[in-house]
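Q: This is the structure I have questions about; it appears just below.
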Amino acid sequence: MAQQDLPSYQEVIAGEHPSSGHLQTLVLSGRNIVASENTDCVLYELNSAPCEAVAHTYSISKVGSRSTSAGRQGRASQRRQHLYDFSKRRTFSLKDLSQRVAIEGKSGREASYDDVTLTGSLAGWTACTAKGHFAGQVSIRDRLRKFGGIVWTDDDGLIVALETRPTKREDGTLEGQAQLNIHEELPAKDLGLLVACWMARLVYSVAATTAQHCEAWRKY
């Protein structure tokens, strides 16, 4: 879907563009990704929160629960499935200065895609594409309104999710939450990749900002 044809964030919210409607909201809390309906339910987990990575590589795992029996009482334990590692990919081409993030599958072909490259725009991370999978961008109308909501589409141009980001207050702190509102039912493998693309875009868009903005994220 060309950017000029992309509906604004508010048009999608208002139901003025075809989609299945809101199905689930994922919220970034520290390094955990939780369900907005139940913030105690961790769905995915990063190895580090934005701006806090000691290494240059981020990892994302899917978190699930399983029941174990202990005597007469059963208890639930968490299990983690390492889905992806992602890191900034260095490029040396003067013909293409777009930023790139390498997303490397870690769970086999049934649960993750082998190698995916998320490519940003020349202007940064307000638009990005994982070729053959997903694209996220701010519509032209939203840019004119200085609204930074990201509309995510699949390879066929179908709107699958809406992303919102915290906004910066005058005192430098952040207001709101980093959220991904899922609008289409996706297979678990594709949802995992979409979450990885969301986190990669968010992490490197934050890292590209000022030190003060990173400090605000550390306090977030």
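At position 196 of the sequence shown (counting the first as 1) the number is 219 in the working numbering, and the numbers step up by one without a gap.
Backbone N, C-alpha and C define an ideal beta-carbon position, used for all residues, glycine too.
(1) Can you tell me whether L120 sits near the ligand GDP, meaning its C-beta is under 8 Å from at least one heavy atom of the ligand?
(2) Is the distance from the Cβ of R123 to the Cβ of T142 below 9 Å?
(3) Measure the Cβ-Cβ separation of Q202 and L51 and say whether it is below 9 Å.
(4) For I205 versus H45, is the C-beta spacing smaller than 9 Å?
(5) What does the alpha-carbon distance come out to for the pair S7 and L106?
(6) Specify, as a first and last residue, the run of the beta strand (DSSP E) that G155 falls within.
(7) Going by Cα to Cα distance, which pick from S121, V226 and Q200 is closest to S59?
(8) I need the DSSP call for S228, collapsed to helix, strand or coil.
(9) For A219, which of N70, D179 and I182 has the nearest alpha-carbon?
(10) If you follow the beta strand (DSSP E) that V50 is in, where does it begin and where does it stop?
(11) For S82 versus K129, is the C-beta distance shorter than 9 Å?
(12) Please report the distance separating the alpha-carbon of Q160 from that of G87.
(13) Strictly by DSSP, which residues pair up with W175?
(14) Can you give me the C-alpha to C-alpha distance between L120 and I56, rounded to a whole angstrom?
(15) Classify K212 as helix, strand or coil using the three-state DSSP reduction.
(16) Can you check DSSP and say which residues form a bridge with A255?
(17) If you compare alpha carbons, which of V174, C74, E208 and D213 is closest to R132?
(18) Within 10 angstroms of its Cβ, does R224 collect 16 or more other Cβ (buried), or is it exposed?
(19) So what does E68 bridge to, in DSSP terms?
(20) Give the range of the beta strand (DSSP E) segment to which L203 is assigned.
(21) Checking the sheet assignment: what are the DSSP bridge partners for H79?
(22) Measure the alpha-carbon distance for G53 versus F109 and round it to whole angstroms.
A: In this structure, then:
(1) Looking at this structure, you won't find the ligand GDP or any other ligand, since it has none at all.
(2) Closer than 9 Å, so yes.
(3) Result yes, Cβ atoms of Q202 and L51 sit closer than 9 Å.
(4) It is a contact, given that the beta carbons lie within the stated cut-off.
(5) Since the first and last residues shown for the chain are 24 and 243, residue 7 lies out of range.
(6) For G155, there is no enclosing beta strand (DSSP E), as DSSP gives it neither H nor E.
(7) Just measuring C-alpha positions, the residue of S121, V226 and Q200 sitting nearest S59 is Q200.
(8) Under the three-state reduction of DSSP, S228 is assigned to helix.
(9) Considering only alpha carbons, the answer is N70.
(10) In the DSSP assignment, V50 falls within the beta strand (DSSP E) that extends over Q47 to S52.
(11) Going by C-beta atoms, S82 is nearer than 9 Å to K129.
(12) Rounded to the nearest whole angstrom, the C-alpha separation of Q160 and G87 is 30 Å.
(13) Answer by DSSP bridge pairing, in chain order: G159 and A184.
(14) Put simply, the backbone Cα of L120 is about 31 Å away from that of I56.
(15) Here K212 carries a helix assignment [DSSP, helix/strand/coil].
(16) Because the chain is modelled from 24 through 243, residue 255 falls outside the range shown and cannot be assessed.
(17) Of the listed residues, the one whose Cα sits closest to R132 is D213.
(18) The residue is buried, with at least 16 neighbouring Cβ atoms inside 10 Å.
(19) Answer is N55 and S84, bridged to E68.
(20) Element bounds for L203: Q202 to I205.
(21) DSSP, once it has assigned bridges, lists no residue as partnering H79.
(22) Using only the alpha carbons, I get a separation of about 18 Å.
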